[in-house]
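Notes to accompany the following structure.
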Amino acid sequence: MKLLIHRPDGAVGAEPSVAAAPVPVLSGKRIGLLDNLKPNAGVVLARLGGHLAERTGAEVMTHQTKNAALPCEDQVLERLAAEVHVVLTGTAD
Amino acid sequence: MQIGPAELLEVDLGADESVLDVYERHGWGDGLPLNAPTTERVREMLHALGDVDPDETVAVLPPRAGVATRRTIAVNAVLAGCRPQHLEVLVSAVRALGRPELNLRGVNATTHPVAPLLIVHGAVVISGGYNFGLGAFGPGNRSNAATGRALRLILLHIAGATPGSGDASTQGGPAKYSYCVAENIEASPWGGYARSIGVDAPSAVTVHCGEAPHNVHDMESDEPARILDKVASVMCSTGQNNAPISQGEYFAMLCPEHAAVCANDGWTRHDVSSYLFNQARMRVGELRRAFDLRAWAPWEQRLRDDDLMPMTESAGNIKVVVVGGAGKHSSLIPSWGMTRSVTLPVEP
């Protein structure tokens with residue numbers, strides 16, 4: 001039986017965010033570590049940042065959000081945009 | 001199957017093919033059988049709202065930034081098995097989901113098993129056929145089951161809260177299938193909840209993003225404190241998010257018999273909240289041992305280890321609603337934490 005039925009999802013209200021182009025060489029760049037305060041996020045990011053700094057000579061800077069359950073504050077994002085070339089974040093439990 | 005014009009799909013349903021099969025291939029649905037959302041059924045559903053714009057945006061729902069219109073809400077209502085009289089409740093609930101203080105992005109993104117509980121208040125409870133009495137949390141009543149299920153389908157389809165990509169809940173939970181209940185205003189000695197917080201409308205909805213209900217059992221007490229001490233005991237658990245998050249609300253869903261014991265002793269709804277605020281406390285030192293990460297109010301951060309700390313920062317965070325029928329079981333619904341409940345009038 002042929003039938004027309006509705007899709008259930010509808011339109012998307014805002015253009016989905018698109019990741020910036022990757023940075024091909026990290027040497028001489030500044031890397032921002034954005035700690036969202038999830039358990040052990042700071043530990044993982046610090047270790048990762050340390051390895052990257054050692055291997056590439058990149059400068060590593062750490063920032064924190066107030067709470068993992070809330071969107072990152074605009075002020076923090078603005079500082080990151082102004083100060084670093086690459087941001088590492090997105091850790092979970 | 002072909003993609004049809006606009007939002008329609010042309011499907012060939014037969015003995016071996018169902019709407020569930022078609023939707024499953026698209027990554028849609030909740031895993032249970034679905035009613036076919038034909039244009040006729042969706043039109044009939046929308047007709048119940050009267051003269052309103054079916055394509056007006058009701059809310060934009062994260063993380064997908066999906067645009068919920070009355071039409072897309074109606075499509076999901078048909079899928080879930082709603083009747084047309086349920087649609088205005090659903091539209092109002094979606095409006096509540098879109099309020100910033102509810103923090104739907106966080107609710108959908110968290111690893112916690114939080115689900116939006118829809119509480120229906122007022123005249124629409126009767127006209128919509130919602131169960132406010134025995135077994136109100138289910139199963140067995142189409143209005144509660146289908147409206148709650150439709151709200152979840154809207155989260156899956158429009159908000160994109162698909163486990164994995166849009167819902168990070170570690171274990172998921174049964175409340176994520178359908179979670180809708182009606183307030184038993186007739187048996188409430190304090191009148192309706194919505195009116196008590198200033199929403200003066202014939203019908204209203206509350207959306208509270210919390211855990212599944214935790215049972216509170218008291219078969220024998222005839223004075224309020226002995227019953228409410230058990231509610232307070234359920235509140236004092238380090239396994240719930242309220243313990244490290246002080247802004248979290250609790251919904252104390254009192255059964256009529258427990259509520260009557262309180263009211264017969266002269267207790268108001270506010271008295272119940274205040275008593276629970278006073279009784280539901282834990283030693284600060286115990287909480288500090290349990291949590292390194294604490295989203296506590298500034299005054300709570302200054303307490304000493306041997307102080308007793310309330311499980312939420314104010315009595316106003318403890319909401320009291322009468323639900324259910326005969327018997328002596330109430331329930332407590334802790335919050336996810338970083339969210340506030342929203343109560344709105346039922347409007348198309």
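Protein chains in written order, with this note's numbering: chain A, 1 to 93; chain B, 1 to 348.
All C-beta atoms in this analysis are idealised placements derived from N, C-alpha and C, irrespective of residue type, glycine included.
Please read all numbers here as calculations on a predicted model, not as lab measurements.
List, in order along the chain, the chain B residues whose C-beta lies closer than 8 Å to that of residue i?
| i | result |
| --- | --- |
| VAL12 (chain A) | ARG64, ALA65, GLY66 and VAL67 |
| MET1 (chain A) | ASP12, LEU13 and GLY14 |
| ALA82 (chain A) | In chain order: nothing, as chain B lies at least about 25 Å away. |
| LEU70 (chain A) | ASN103, GLY106 and MET338 |
Ends of the beta strand (DSSP E) at residue i?
| i | result |
| --- | --- |
| GLN180 (chain B) | Per the sequence shown, residue 180 (chain B) should be read as Cys rather than Gln. 180-182 is the span of the beta strand (DSSP E), which, as asked, contains CYS180 (chain B). |
| ALA68 (chain B) | 66-69 |
| GLY42 (chain A) | First-last for GLY42 (chain A): 41-56, but that is the alpha helix (DSSP H), not the beta strand (DSSP E). |
| MET338 (chain B) | From DSSP, MET338 (chain B) is part of no beta strand (DSSP E); its letter is neither H nor E. |
| LEU308 (chain B) | 308-310 |
| ARG30 (chain A) | 30-35 |
| LEU61 (chain B) | 57-61 |
| ASN264 (chain B) | Counting along the chain, ASN264 (chain B) falls outside any beta strand (DSSP E), though it belongs to the alpha helix (DSSP H) covering 256-264. |
| VAL216 (chain B) | 214-217 |
Nearest by alpha-carbon distance to residue i: which of the options is it?
| i | options | result |
| --- | --- | --- |
| VAL116 (chain B) | B:GLY173, B:ARG142 and B:PRO139 | The identity of residue 116 (chain B) in the sequence shown is Pro, whereas the question assumes Val. The residue with the shortest Cα to Cα distance from PRO116 (chain B) is B:GLY173. |
| ALA290 (chain B) | B:SER237, B:LEU118 and B:ILE126 | B:SER237 |
| THR111 (chain B) | B:SER165, B:GLY122 and B:ARG64 | B:SER165 |
| ILE333 (chain B) | B:ASP21, B:TYR250 and B:ASP305 | B:TYR250 |
| ILE119 (chain B) | B:VAL207, B:ARG195, B:LEU49 and B:PRO37 | B:VAL207 |
| ASP297 (chain B) | B:MET253, B:LEU344, B:ILE318 and B:PRO244 | Per the sequence shown, residue 297 (chain B) should be read as Ala rather than Asp. Ranking the options by Cα distance to ALA297 (chain B), first place goes to B:PRO244. |
| SER314 (chain B) | B:TYR177, B:VAL58 and B:SER274 | B:SER274 |
| ASP292 (chain B) | A:ASN40, A:VAL44 and A:VAL12 | A:ASN40 |
| LEU195 (chain B) | B:ARG269, B:ARG281, B:GLY210 and B:CYS255 | Contrary to the premise, residue 195 (chain B) reads as Arg rather than Leu in this sequence. ARG195 (chain B) has its Cα closest to that of B:ARG269, out of B:ARG269, B:ARG281, B:GLY210 and B:CYS255. |
| ALA225 (chain B) | B:HIS121, B:PRO54 and B:ASP265 | B:ASP265 |
| LEU153 (chain B) | B:ASP305, B:GLY31, B:ASN317 and B:ARG304 | B:GLY31 |
| PRO163 (chain B) | B:VAL114, B:ARG142 and B:PHE137 | B:VAL114 |
| LEU26 (chain A) | A:THR56, A:GLY90, A:LEU77 and A:LEU88 | A:THR56 |
| GLU88 (chain B) | B:ARG99, B:VAL58 and B:PRO63 | B:VAL58 |
| ALA161 (chain B) | B:GLY192, B:ILE185, B:GLU220 and B:GLY66 | B:GLY66 |
| GLY27 (chain B) | B:TRP299, B:CYS262, B:ILE158 and B:ASP271 | B:ILE158 |
| GLU78 (chain A) | A:HIS63, A:ALA69 and A:GLY90 | A:HIS63 |
Residues in the same chain with beta-carbon distance under 6 Å from residue i, minus the five sequence neighbours each way, listed in chain order, please.
| i | result |
| --- | --- |
| ALA53 (chain A) | VAL60 |
| VAL19 (chain B) | LEU34 and ALA36 |
| SER203 (chain B) | GLY122, ALA123, VAL124 and VAL346 |
| ALA201 (chain B) | PRO345 |
| ALA82 (chain A) | none |
| LEU134 (chain B) | GLY325 |
| LEU308 (chain B) | ARG281 |
| ALA68 (chain A) | ASN36, LEU37 and LYS38 |
| LEU151 (chain B) | ALA93 and LEU118 |
Mind pulling the chain B residues with CB within less than 7 Å of residue i?
| i | result |
| --- | --- |
| ASN36 (chain A) | Simply none; closest approach about 11 Å. |
| ASN132 (chain A) | Outside the shown range of chain A, which is 1 to 93, sits residue 132 (chain A), and nothing can be said about it. |
| LEU39 (chain A) | Correcting the residue identity first, residue 39 (chain A) is Pro in this sequence and not Leu. In chain order: LEU293. |
Can you name the residues of chain A whose CB is closer than 8 Å to the CB of residue i?
| i | result |
| --- | --- |
| GLU7 (chain B) | HIS6, ARG7 and GLY10 |
| ALA36 (chain B) | LEU3 and ILE5 |
| ILE158 (chain B) | PRO8, ASP9 and GLY10 |
Does DSSP put residue i in a helix, a strand or coil?
| i | result |
| --- | --- |
| HIS112 (chain B) | coil |
| THR343 (chain B) | strand |
| GLU17 (chain B) | strand |
| PRO5 (chain B) | Low local confidence applies: a pLDDT of 40 at PRO5 (chain B) is under 50, so the model's placement there is unreliable, with the coordinate-based value given in what follows. In the structure shown, PRO5 (chain B) sits in coil (DSSP, three-state: anything other than H, G, I, E or B). |
| TYR275 (chain B) | helix |
| ARG79 (chain A) | helix |
| GLN247 (chain B) | coil |
| LYS176 (chain B) | helix |
| GLY106 (chain B) | helix |
| ASN317 (chain B) | helix |
Leaving aside the five residues before and after residue i along the sequence, list all residues of the same chain whose C-beta is less than 8 Å from its C-beta, in chain order.
| i | result |
| --- | --- |
| VAL42 (chain B) | ARG71, ALA74, VAL75 and VAL78 |
| GLY10 (chain A) | none |
| ALA295 (chain B) | PRO244, ILE245, SER246, GLN247, GLY337 and MET338 |
Which same chain residues, not among the five before or five after residue i, have their C-beta less than 7 Å away from its C-beta?
| i | result |
| --- | --- |
| GLY4 (chain B) | Model confidence at GLY4 (chain B) stands at a pLDDT of 38, short of 50, so the residue's coordinates are unreliable and nothing is read from them. |
| VAL52 (chain B) | ARG70 and PRO348 |
| VAL231 (chain B) | VAL216, ALA252, LEU276, SER330 and LEU332 |
| GLY148 (chain B) | LEU118, SER178, TYR179 and CYS180 |
| VAL76 (chain A) | HIS63 and THR65 |
Which chain A residues are close to residue i, counting only those with a beta carbon under 7 Å from its beta carbon?
| i | result |
| --- | --- |
| LEU308 (chain B) | Simply none; closest approach about 25 Å. |
| VAL75 (chain B) | HIS6 and PRO8 |
| THR147 (chain B) | The premise fails here: THR147 (chain B) is roughly 16 Å from chain A at the closest Cβ pair, so nothing lies under 7 Å. |
What residue range does the alpha helix (DSSP H) around residue i cover?
| i | result |
| --- | --- |
| LYS230 (chain B) | 224-235 |
| GLU88 (chain B) | 87-97 |
| GLU101 (chain B) | No alpha helix (DSSP H) contains GLU101 (chain B), which DSSP labels as neither H nor E. |
| LEU3 (chain A) | Here LEU3 (chain A) belongs to no alpha helix (DSSP H); instead the beta strand (DSSP E) covers 2-6. |
| ALA204 (chain B) | Where ALA204 (chain B) is concerned, there is no enclosing alpha helix (DSSP H), although the beta strand (DSSP E) it sits in stretches over 203-210. |
Listing by chain order, which chain A residues have their CB less than 9 Å from the CB of residue i?
| i | result |
| --- | --- |
| TRP28 (chain B) | ARG7, PRO8 and ASP9 |
| LEU32 (chain B) | Within 9 Å Cβ-Cβ: nothing; LEU32 (chain B) doesn't reach chain A, min ~14 Å. |
Taking 8 Å as the cut-off, does the CB of residue i come closer than this to any heavy atom belonging to the ligand NAP?
| i | result |
| --- | --- |
| ARG288 (chain B) | The model on display carries no ligand, and the ligand NAP is accordingly not part of it. |
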